[in-house]
Structures are given as structure tokens and as C-alpha cells.
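Here the structure is laid out as C-alpha cells; the discussion comes afterwards.
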Amino acid sequence: MYLFRGQEIPVRHLLTAKYCSPGAWVSARVWLEQCVQGHRCGEQSSSYSLPTRLLDLSENSKAEAHIRLIDQPPHDSGRYVCLSHCWGPLGCALTTTTGNLPTHEKCGEFLSLPLSFRQAILFTRWLGVRYLWIDSLCIIQDDEEDW
Numbered sequence: 001m002y003l004f005r006g007q008e009i010p011v012r013h014l015l016t017a018k019y020c021s022p023g024a025w026v027s028a029r030v031w032l033e034q035c036v037q038g039h040r041c042g043e044q045s046s047s048y049s050l051p052t053r054l055l056d057l058s059e060n061s062k063a064e065a066h067i068r069l070i071d072q073p074p075h076d077s078g079r080y081v082c083l084s085h086c087w088g089p090l091g092c093a094l095t096t097t098t099g100n101l102p103t104h105e106k107c108g109e110f111l112s113l114p115l116s117f118r119q120a121i122l123f124t125r126w127l128g129v130r131y132l133w134i135d136s137l138c139i140i141q142d143d144e145e146d147w
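According to full-length UniProt numbering, the stretch in the sequence shown is residues 1 to 147, in order.
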């Protein structure tokens, strides 16, 4: 178990990848906290403009809690984590389109997401950040105006 922001997090939630170790997660958390507290950019970290669409991970402490895609976050500014990834030659396993947008705006099942998305969600929650932006989910892929 690791204690983070008063929460005990089981190691199985941290070690979801072959090359991921508890030390790497702890180092990333320490570096982020040092940046936020020690650099001038940290003074503005709560005032960054939020994108139009984000994944709301809620403030639920459960690592595998539901997520949902939200349009127009309730706050105009705040902190969020980004995952921009290579889709590969076959494209992305999961995207948001005009056809599935209403489904993505409802609570989604954590375990139904691709592994890289689940890892990003776990890591974002572990850092104590509520919002996550994933390009393939937060941009409506078949809507040129959304780009």
C-alpha cells in the first residue's frame, strides 16, 4: 500500500504496466509537487484554461470508479492531465464521434477502456487531478469544427 493525499492505494493499481514501478510513480509525484510548489508556473497552475471537453474522473478515490466525458467543465480554469498518443496504423481503439458522443457523456465502465487509457486514468487520479484530456476521446473525430 502507498499513502497519497490521505488515501491508501493498493500496489496492484500502480503496477499496471511492464515497465512501471512504485519508485517511478513516487518520483513522478515528487517532481510534480516540486514543480507546482517551487517554480513560477506553479503559481498559475490552478488558473489554466480548461479545454471544452474533458474526462471527469470525479473526486472519487476508487481507482476503478466510473468516468464520463463532460462538455463545458463546471470551472473555466483548473488543472488537468493530457494523454496524446500514437494511434498506430489501424487507428485508435476508442474514439468519440457524433454518433457515440451521448454514450460517452454518460458514466463509462473503467474496465472497458483500452489499457493505455486506464493507466492514464489511474495515474491522473493518483496525482490527485480530477480532469484528464485524451485526444481521441475529447475531440469529436468526425466533426471538423471540433478540431
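Even glycine gets a Cβ: it sits at the ideal position worked out from N, Cα and C. Note that the structure is predicted; figures quoted are calculated from it, not measured.
- Taken through DSSP and simplified to helix, strand or coil, VAL81 comes out as strand.
- As computed with DSSP, ASP56 is found in a beta bridge with ARG68, TYR131.
- Note that the C-beta distance between THR96 and ILE67 is not below 8 Å.
- In this structure ASP76 is in contact with SER49, their Cβ atoms being roughly 7 Å apart against a cut-off of 8 Å.
- Here the alpha carbons of PRO89 and ASP71 stand approximately 29 Å from one another.
- Only buried fits HIS104, as 16 or more other CB atoms lie within 10 angstroms of its CB.
- Straight through space, the alpha carbons of LEU69 and CYS107 are spaced by roughly 8 Å.
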